[in-house]
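Undergrad: Counting in the numbering used here, the sequence shown runs from 59 upward without gaps.
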Amino acid sequence: MSQNEYIDMDPETFRSFCRQVYGHEIWIGDVVRENGEIYTYGLYGHKMVPDKPMPTDYANVLLYDDDGRAPNPYREIIKEPHGWKFSFEDKGADVYTLYVDSNSVWVTDEEGWHRGVKRDFSSVKYSGAFNMVAKRIISKDGKNPGNVMHATLEIMPEEAGLTVGKDAKLTVLYEGAPLKNVKVICFCHATEAIDILTTDENGVLTYPVKEKGDYVFIAKYTDVNKKVDDEFDETGFTTTLTLETY
């Protein structure tokens, strides 16, 4: 991305994206099917590199299958990759959709960032609630993405898998409605390239897939109308969808 493209962003979008790229992200890593079980990894780190397990309350894991909510996966902390391992029985569903959902409130004052609500601090400069969601679709045929939308800010792909040489199409939705003109970070694990693209009038993002491997799509949206007077002044939503090539 050119310097001019960054300059063209409004200040709040620029600040939010810088915090996302250089702060912590949560995402769902590799998926393995083995001996009637499916397992994957909930990861947390800087610049899409896991550095430690995410805090326990950042790891509220939810699973959906063809019939709706399924029992929550078993979870444990592992060293390689350094994060949470989530596992569950493969009962033959066409599509499993896995979410890691977290919610927290943060404020800033003269001493920096603090986790907690506005009323507990003096001279608060900023206060916000943050909803961070990581999502991964585990599809039997690699194409059917299912229709599960758990998150307030959603990313729904046209297909569950990506094909090198073919454009990926994804729709960004907020509270079930397409979100137009929202910027989305597109990260390619193979090249570590970061592109920032924008959804069209229908909330659709088109992304050219050029390399084999995992891609991470990160959408952000801030709703200034979602606030609680003595707790936080706005709510920021971040959803991260990991897709792989087939």
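Positions of the beta carbon are idealized from the N, C-alpha and C atoms, including for glycine. Treat the numbers as computed from the prediction; the structure is a model and nothing was measured.
How many Å lie between N118 and W85 at the Cα?
TA: Taking the sequence shown and counting its residues from 1, the one referred to as residue 118 is at position 60. Taking the sequence shown and counting its residues from 1, the one referred to as residue 85 is at position 27. When rounded, the distance between both Cα atoms is 13 Å.
Undergrad: Starting from the C-beta of P266, find all residues in its chain whose C-beta is less than 7 Å away, skip the five residues before and the five after it, and write them out in chain order.
TA: Here residue 266 is taken as the residue at index 208 of the sequence shown, counted from 1. The answer, listed in chain order, is D225.
Undergrad: Find out if the Cβ-Cβ distance for the pair M160, Y116 is shorter than 8 Å.
TA: Taking the first residue of the sequence shown as 1, we reach residue 160 at position 102. Taking the first residue of the sequence shown as 1, we reach residue 116 at position 58. Note that residue 160 corresponds to Ser in the displayed sequence, not to Met. Yes. Within cutoff.
Undergrad: Determine the direct distance from the alpha carbon of I243 to that of V158, and round the result to whole angstroms.
TA: If you number the sequence shown from 1, residue 158 lands on position 100. If you number the sequence shown from 1, residue 243 lands on position 185. Between V158 and I243, the C-alpha separation is close to 19 Å.
Undergrad: Are the Cβ atoms of G219 and K201 separated by less than 8 Å?
TA: In the sequence shown, residue 219 corresponds to position 161, counting from 1. In the sequence shown, residue 201 corresponds to position 143, counting from 1. Cβ distance < 8 Å, so G219 and K201 count as in contact.
Undergrad: Does DSSP put T114 in a helix, a strand or coil?
TA: As a working note, residue 114 is residue 56 in the sequence shown. Three-state result, T114: helix.
Undergrad: Relative to the C-alpha of Y273, which candidate in T114, L299 and A209 has its C-alpha closest?
TA: To locate residue 273, count along the sequence shown from 1; it is residue 215. Out of T114, L299 and A209, L299 has the C-alpha closest to the C-alpha of Y273.
Undergrad: For K270, which residues in the same chain have their Cβ closer than 6 Å to its Cβ, ignoring the five residues on either side in sequence?
TA: The count along the sequence shown starts at 1 and reaches residue 270 at position 212. Answer for K270: V222 and T303, listed in chain order.
Undergrad: What whole-angstrom Cβ distance do F295 and T210 have, given they're in contact under 8 Å?
TA: Taking the first residue of the sequence shown as 1, we reach residue 295 at position 237. Taking the first residue of the sequence shown as 1, we reach residue 210 at position 152. F295 to T210, Cβ: 6 Å. Contact.
Undergrad: With DSSP as the reference, please indicate the residues paired to M190 in a beta bridge.
TA: Within the sequence shown, the letter at position 132 stands for residue 190. In the DSSP output, where bridge partners are listed per residue, M190 has S160 and T296.
Undergrad: Mapping DSSP to helix, strand and coil, what is E289?
TA: Stepping through the sequence shown from its first residue, residue 289 is reached at position 231. Note: E289 maps to coil in three-state DSSP.
Undergrad: Taking only the alpha-carbon atoms, compute the straight-line gap between V79 and G126 and give it to the nearest angstrom.
TA: Here residue 79 refers to the residue found at position 21 of the sequence shown. Here residue 126 refers to the residue found at position 68 of the sequence shown. Caution applies to V79, whose pLDDT of 39 falls short of 50 and renders its modelled position unreliable; the model cannot decide the point.
Undergrad: Within 10 Å of its beta-carbon, does N189 have 16 or more other beta-carbons around it, so buried, or fewer, so exposed?
TA: Looking up residue 189 in the sequence shown gives position 131. N189 should be labelled buried.
Undergrad: Rounded to the nearest angstrom, how far is the Cβ of I254 from that of F245, given a contact under 8 Å?
TA: Position 196 of the sequence shown, counting from 1, holds the residue named residue 254. Position 187 of the sequence shown, counting from 1, holds the residue named residue 245. The Cβ separation is near 10 Å, so there is no contact.
Undergrad: Would the segment 164 to 179 and the segment 281 to 290 be scored as touching if the rule is three or more Cβ pairs under 8 Å?
TA: In short, these stretches touch, since the Cβ pair count reaches three.
Undergrad: From the DSSP output, read off the bridge partner residues of S145.
TA: Here the question's residue 145 lines up with position 87 in the sequence shown. Partner(s): Y97 and Y132.
Undergrad: Can you tell which of E169, H104, P108 and S181 has the C-alpha that lies nearest to the C-alpha of I136?
TA: On the sequence shown, position 78 is the one that residue 136 refers to. Out of E169, H104, P108 and S181, P108 has the C-alpha closest to the C-alpha of I136.
Undergrad: Looking at C-alpha atoms only, which residue of G150, V163 and H247 is the closest neighbour of D199?
TA: Position 141 of the sequence shown, counted from the first residue, corresponds to residue 199. For the residues G150, V163 and H247, the minimum Cα distance to D199 belongs to G150.
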